[in-house]
Amino acid sequence: SRAVPQARKASLARFLEKRKERVTSA
Amino acid sequence: SSTACFNQETLQYRLQAVIEGARESWTYAIFWQSSVDAATGASLLAWGDGYYRGCDDDKRKLRGASTAADQEHRKRVLRELNSLISGAPPPAADEDAVDEEVTDTEWFFLVSMAQSFVDGAGLPGHALLTASAAWVAGADRLASAACERARQAQAFGIQTMACIPVGGGVVELGSTGLIYHNAEITGKVRALFTSGT
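Protein sequence lines, in the order shown, are assigned to chains S and B.
Using the numbering used here, you'd call the opening residue of the first sequence number 122 and step up by one each time.
Using the numbering used here, you'd call the opening residue of the second sequence number 85 and step up by one each time.
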């Protein structure tokens, strides 16, 4: 995971979290 | 560092403000961060941050281009990425509570994180190089664009792509709808990304 640059990792975490919210609220 | 985190947070707010405050229905916004490759001196645009809003007709668009095999692949990648972020081992396919199909636009946004543009390549690179907005509206125009990213966007259901050069990089907006060039949104993006707040 160290190879994943921090910006991408932060964006990815946010995207996955929001996706989980979208899916569970649907 | 705290500075990097702060910048990352303000980036997210700005991207969100662009999308949620727009009159048009944009699917996502990405900030491509500009830098110079220390080894080669080449100009580089790489992922800075992104805001994904999605589209109202995600469900309808879902089966556009993706096959069952595509979906299997996307879900597996998402499970692995979830595991990478959470630090927990990836669940088996049938154990995953959240296993909704991954839409074309979600997938396009996700793969964008791994992309970069060197020396004016692609629509974002062109916008940076010419210091003017690049706006492509219409699936046929995206499909025939001299830019791999634009063609890829079209293949994943995007109909409009706009790249607006701002301080430190380029803001890219994408929509599954047809949105013609307007100065309001380019002005808004420039204002939000040059104010420094």
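All C-beta atoms, glycine included, are put in the ideal place defined by N, C-alpha and C.
Since we're looking at a predicted model, the values are computed, not measured.
Going by C-alpha to C-alpha distance, which of Thr-189(B), Leu-95(B), Gln-117(B) sits closest to Leu-212(B)? Sequence index remark: in the second sequence, residue 212(B) carries index 128 (1-based). Comparing Cα positions, the closest option is Gln-117(B).
Straight-line CA distance for Thr-145(S) to Val-202(B)? Looking up residue 145(S) in the first sequence gives position 24. Looking up residue 202(B) in the second sequence gives position 118. Using only the alpha carbons, I get a separation of about 39 Å.
So, helix, strand or coil for Ala-181(B), using DSSP? In the second sequence, the residue the question calls residue 181(B) occupies position 97. Residue confidence for Ala-181(B) is low, a pLDDT of 48 falling below 50, so the modelled location carries little weight; the figure read from the coordinates is stated next. Three-state result, Ala-181(B): coil.
Does the beta carbon of Phe-146(S) come closer than 8 Å to any beta carbon on chain B? Numbered from 1 along the first sequence, position 25 holds the residue referred to as residue 146(S). The question names Phe, yet the displayed sequence has Ser at residue 146(S). With 8 Å as the cut-off, Ser-146(S) does not count as an interface residue toward chain B.
In three-state DSSP terms, what is Trp-219(B)? Taking the second sequence and counting its residues from 1, the one referred to as residue 219(B) is at position 135. Reduced to three states, the DSSP call for Trp-219(B) is strand.
Between Leu-162(B) and Val-195(B), is the Cβ-Cβ spacing less than 8 Å? Residue 162(B) sits at position 78 when you count from the first residue of the second sequence. Residue 195(B) sits at position 111 when you count from the first residue of the second sequence. In this structure, Val-195(B) does not lie closer than 8 Å to Leu-162(B) by Cβ.
For Gly-206(B), count neighbouring Cβ atoms within 10 angstroms of its own Cβ and tell me buried if that reaches 16, exposed if not. As a working note, residue 206(B) is residue 122 in the second sequence. Burial call: buried.
Exposure label - Glu-104(B); buried when at least 16 CB within 10 Å: The residue labelled residue 104(B) in the question sits at position 20 within the second sequence. Counting Cβ neighbours within 10 Å, Glu-104(B) comes out exposed, since fewer than 16 surround it.
For Thr-278(B), which residues in the same chain have their Cβ closer than 7 Å to its Cβ, ignoring the five residues on either side in sequence? Counted from its first residue, the second sequence places residue 278(B) at position 194. Val-250, Gly-251, listed in sequence order.
For the 8 Å Cβ check, are there 3 or more pairs between the region 231-242 of chain B and the region 258-272 of chain B? yes
The alpha helix (DSSP H) with Ala-239(B) in it runs from where to where? Taking the first residue of the second sequence as 1, we reach residue 239(B) at position 155. Note, Ala-239(B): alpha helix (DSSP H), 232-239.
Can you tell me whether His-210(B) is buried or exposed? The criterion is at least 16 other CB atoms within 10 Å of its CB, across all chains shown. To locate residue 210(B), count along the second sequence from 1; it is residue 126. Buried, since its Cβ has 16 or more Cβ neighbours within 10 Å.
Measuring alpha carbon to alpha carbon, tell me which of Gly-138(B), Met-245(B), Gln-96(B), Trp-110(B) ends up nearest Thr-189(B). As a first step, residue 189(B) is located in the second sequence; it is residue number 105 there, counting from the start. Nearest option by C-alpha distance: Gly-138(B).
Per the DSSP calculation, Thr-244(B) is bridged to which residue(s)? On the second sequence, position 160 is the one that residue 244(B) refers to. Bridge partners of Thr-244(B): Ala-221(B), Ser-259(B).
Pick from Leu-165(B), Leu-129(B), Cys-247(B), Leu-276(B): whose alpha carbon is nearest that of Ala-134(S)? Counted from its first residue, the first sequence places residue 134(S) at position 13. Nearest option by C-alpha distance: Leu-165(B).
Segment limits, beta strand (DSSP E) that includes Trp-131(B): For this step, residue 131(B) is matched to residue 47 along the second sequence. Here the beta strand (DSSP E) through Trp-131(B) covers 127-136.
Around the Cβ of Leu-262(B), are there at least 16 other Cβ atoms within 10 angstroms (buried) or fewer (exposed)? Counting from one through the second sequence, the residue named residue 262(B) turns up at place 178. By the neighbour-count rule (16 or more Cβ atoms within 10 Å), Leu-262(B) is not buried but exposed.
Residues bridged to Trp-116(B) (per DSSP): Here residue 116(B) refers to the residue found at position 32 of the second sequence. Paired residues: Trp-131(B), Val-254(B).
Leaving aside the five residues before and after Ala-227(B) along the sequence, list all residues of the same chain whose C-beta is less than 7 Å from its C-beta, in chain order. Counting from one through the second sequence, the residue named residue 227(B) turns up at place 143. Within the same chain, Ala-227(B) has close Cβ partners Arg-235, Gln-238.
Can you give me the start and stop residues for the alpha helix (DSSP H) that Val-195(B) sits inside? As a first step, residue 195(B) must be located in the second sequence, where it is residue number 111. Where Val-195(B) is concerned, the enclosing alpha helix (DSSP H) stretches over 188-196.
Who are the Cβ neighbours of Ala-113(B) in its own chain at under 6 Å, not counting the five residues just before and after it? The count along the second sequence starts at 1 and reaches residue 113(B) at position 29. Contacts found: Leu-99, Val-102, Ile-103, Tyr-135, Leu-257.
Indicate whether Thr-337(B) and Ala-229(B) have their beta-carbon atoms separated by less than 8 Å. As shown, chain B starts at 85 and ends at 281. That puts residue 337(B) outside it, with no answer to give.
Check whether the Cβ of Trp-191(B) lies closer than 8 Å to any Cβ atom in chain S. Residue 191(B) sits at position 107 when you count from the first residue of the second sequence. Trp-191(B) does not count as touching chain S.
Just list the residues that DSSP pairs Ser-200(B) with in beta bridges. If you number the second sequence from 1, residue 200(B) lands on position 116. Ala-130(B).
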